[in-house]
Structure formats: structure tokens, C-alpha cells
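Residues in the sequence shown are numbered consecutively from 517, following the numbering used here.
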Amino acid sequence: MRALYFDGRSLSLVKDYQLKPCDETVVRVSLAGICGTDLEILKGYAGFRGVLGHEFVGVVEESKNPELVGKRVVGEINVGCGTCSFCRKELQRHCPYRTVLGIKERDGAFAEYLTLPEKNLHTVPENVSDTAAVFTEPLAAAYEILEQSHIDPSWRAAVVGDGRLGNLVAQVLSTVVHEVHVYGRHKRKMDILRDLGLKCFHVDESFEPHGYDLVVEASGKTTGLATAANLVKPRGLLVLKTTVADAVSLNLSPLVVNEVNLLGSRCGPFQPALQALSKKLVKVQQLVDAVYSLEEYSTAFKHASSAGTLKILIRP
Ligand SMILES: [Zn+2]
Ligand SMILES: [Zn+2]
Numbered sequence: 517m518r519a520l521y522f523d524g525r526s527l528s529l530v531k532d533y534q535l536k537p538c539d540e541t542v543v544r545v546s547l548a549g550i551c552g553t554d555l556e557i558l559k560g561y562a563g564f565r566g567v568l569g570h571e572f573v574g575v576v577e578e579s580k581n582p583e584l585v586g587k588r589v590v591g592e593i594n595v596g597c598g599t600c601s602f603c604r605k606e607l608q609r610h611c612p613y614r615t616v617l618g619i620k621e622r623d624g625a626f627a628e629y630l631t632l633p634e635k636n637l638h639t640v641p642e643n644v645s646d647t648a649a650v651f652t653e654p655l656a657a658a659y660e661i662l663e664q665s666h667i668d669p670s671w672r673a674a675v676v677g678d679g680r681l682g683n684l685v686a687q688v689l690s691t692v693v694h695e696v697h698v699y700g701r702h703k704r705k706m707d708i709l710r711d712l713g714l715k716c717f718h719v720d721e722s723f724e725p726h727g728y729d730l731v732v733e734a735s736g737k738t739t740g741l742a743t744a745a746n747l748v749k750p751r752g753l754l755v756l757k758t759t760v761a762d763a764v765s766l767n768l769s770p771l772v773v774n775e776v777n778l779l780g781s782r783c784g785p786f787q788p789a790l791q792a793l794s795k796k797l798v799k800v801q802q803l804v805d806a807v808y809s810l811e812e813y814s815t816a817f818k819h820a821s822s823a824g825t826l827k828i829l830i831r832p
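Here it is as C-alpha cells:
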């Protein structure tokens, strides 16, 4: 099969890549999304070697469960060892021995086929298109915030970052709290958020220091954390969503003095994300900038890493 392989230095299209033999479910990938994490991996984040890509929707080609064959699915990306204390509590995503689709010791979705254990797969409701379903994984990451903390509807919330993840987080938060402000830098991205009914501010022009009970840092930039730390109220909740390859240097004293609650947040639950897409609580179509073939990967990644871009999809 054709697959986009990262050897630690560069990406290349391999024409005769072999799926690793295993007893997992085989999925034919219909559509896959390029995510900020993929761009960070290309810069050295996570030290990954293999087929890149972890956001996908596809059709089950082969499975030990005959009922699954032919079903349209999305898949949770973490595969635990199954026996450690985290796995026993269904926390595979924190298993120290886990593999992660297209991120850690497991080939990913920028290929014609991928494999995952059956229990990682979720069937996609019929009224959710492939273009929407491919957002399930990043949307689940946004829902993780609601899973991790009780959010009071009266809170004022801010999201730092107007990109792919910031947009999804803002939409998810606005289903819970009345006031969500997004701090961004890109006119086009902020216009898209405004069309969704969200209030946006340019981070250099309008700023409400220490005005928010909840601040989510989803900028994908090392500078976003300092911005977020300036927005959060004393005793407020600061959720960190950005994973970057670079180390961050930050004066932590204001966080200590203001007794800010810091919460790291990563992958999340797929079911609420699929439900939200099915009920159109979250809109994702406007985030897609372009769809490329695997052969066009070089253009696709260039497009994905340019400043104004939201989401680039790859159709294998
Ligand atoms: Zn991702
Ligand atoms: Zn485990």
C-alpha cells in the first residue's frame, strides 16, 4: 500500500509499504487530517519514526468481529498494554507502555490502511459526513476539558488561539458557559469564529488581564502560555492544550501568587464528540481549507504549516 513515512528527518511516500501483521482490525482510510502534532513531530516532537497521521475516518476492511466489516469508523489513538494499573482503570491513554497511532511506535493514518484494536473503534452516525467525522479526534480532545473539570455555566472563559484546536475548544465551551472569548492573531480565523457567534479579540489589541475564571491555552505556540497566565483570574483554572517540541521559558511566580489551578489536557472521549457532530452542536465544515491526495503530501504539509491555515485533509 501507499503510505507517508517519516524517517526522523523527512517525509516520503512509500509505494509498497507493508501493514505490520497483527490480529487487529484493518481500516481502509477514507480521509485523514493534518494536526499541529504532526507538524511538531516533523520538528522532532516525540521522536517518532513510521507512518504519520492520527486523525482519520475510514471503513473497516477486516475484523475478527464480522459485524464491524464495512462499517464507517473513527478510532481512539492510544493502545495500552492491557495489564498495567492505568489500563485496568480504562486509562489506556496514560499507559506507560502504550503505543499511539502515528505518534508513538504505531503506524498511522496517512496511508491506504491502518490497524487498531476493535475496542478503539467507534462507528460514525449516518448523518455525520466523512469531512466532519475526521474531526472526531481533535474534537474529543476539546471535550476532554469537560471530562476533567466541573465547569460552572456562570464562568467567564477565554481561549488563547484561533486555530484548529482553539476553534473547537471555543465551540465546545460555548455549549456550557455563556461567555467565551477567543484571543487570536489571524483575521480570517477570527472571522470564522465570529460567524459561529463567538467573540474574538486580537491578542495585541484588546486584553482583559485576569478577567477569566477559565482559560484554555490552545495556541500551539510557546508564547501562548504567558498570554493565558495573564488572562486567568486568581484561583482560576488554566488548561494547557498545546504540545510543542520547543521548551518553554516562563516566569511561574504569577501563577503561584495567584494560586492558579493548572491542568494539562490531551486526548479525550470520542462518544460526546461524535454526538456533538451528529447533533450539529459543533460545526467543523468551515475549518477545512483543502483536501490533497497522498501524492500531494509535500504541498499539503506546506499548506498546513502556513499561518492562515485551519485544517488540511488528506484523501489516501
Ligand atoms: Zn492531533
Ligand atoms: Zn497499560
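Note that CB positions come from ideal geometry on N, CA and C, so glycine has one too. Keep in mind the model is a prediction, meaning the values are calculated, not measured.
Check	Outcome
Span separating the alpha-carbon of residue 711 from that of residue 778	31 Å
Check whether residue 544 and residue 571 have beta carbons under 7 Å apart	no
Through-space distance from residue 583 to residue 721, alpha-carbon basis	55 Å
Chain-order list of residues whose beta-carbon lies under 7 Å from that of residue 612 (same chain, five-residue window excluded)	600
Cβ-heavy atom distance, residue 551 to ligand 1, below 6 Å	yes
7 Å Cβ shell around residue 750 - same chain, five flanking residues per side excluded	726, 774, 775
Check: residue 600 C-beta below 6 Å from any heavy atom of ligand 2	yes
Reference residue 645; option with closest CA among 657, 695, 588, 680	588
Inter-residue Cα distance where the pair is residue 793 and residue 652	8 Å
Distance between residue 765 and residue 803 (C-alpha atoms, nearest Å)	31 Å
Sub-7 Å separation of residue 699 and residue 676 beta-carbons	yes
Ligand 2 heavy atom lying under 6 Å from the CB of residue 596	yes
Rounded distance between the beta-carbons of residue 685 and residue 732, thought under 8 Å	5 Å
Residue 734 vs residue 757 beta-carbon contact at 7 Å	yes
In DSSP terms, what residue 460 is bridged to	Beyond the ends of the chain as shown, which are 517 and 832, falls residue 460; an answer cannot be given.
Sub-7 Å separation of residue 567 and residue 546 beta-carbons	no
DSSP three-state assignment for residue 622, whether helix, strand or coil	coil
Residue 460 beta carbon near ligand 2 (any heavy atom closer than 6 Å)	The question about residue 460 has no answer, for the chain in this structure spans 517 to 832.
Nearest to residue 610 (by Cα), restricted to the options 597, 622, 621, 618	597
Span of the alpha helix (DSSP H) around residue 710	703-711
Cβ-Cβ distance between residue 745 and residue 785 below 7 Å	no
Cβ-Cβ distance between residue 585 and residue 614 below 7 Å	no
Complete runs of the beta strand (DSSP E) confined to the region 550-599 [at least 3 residues]	571-578, 588-591
Three CB pairs or more closer than 8 Å across the region 805-820 and the region 518-532	yes
Cut-off 7 Å between Cβ atoms - residues of its own chain near residue 562, not counting five sequence neighbours on either side	619, 620
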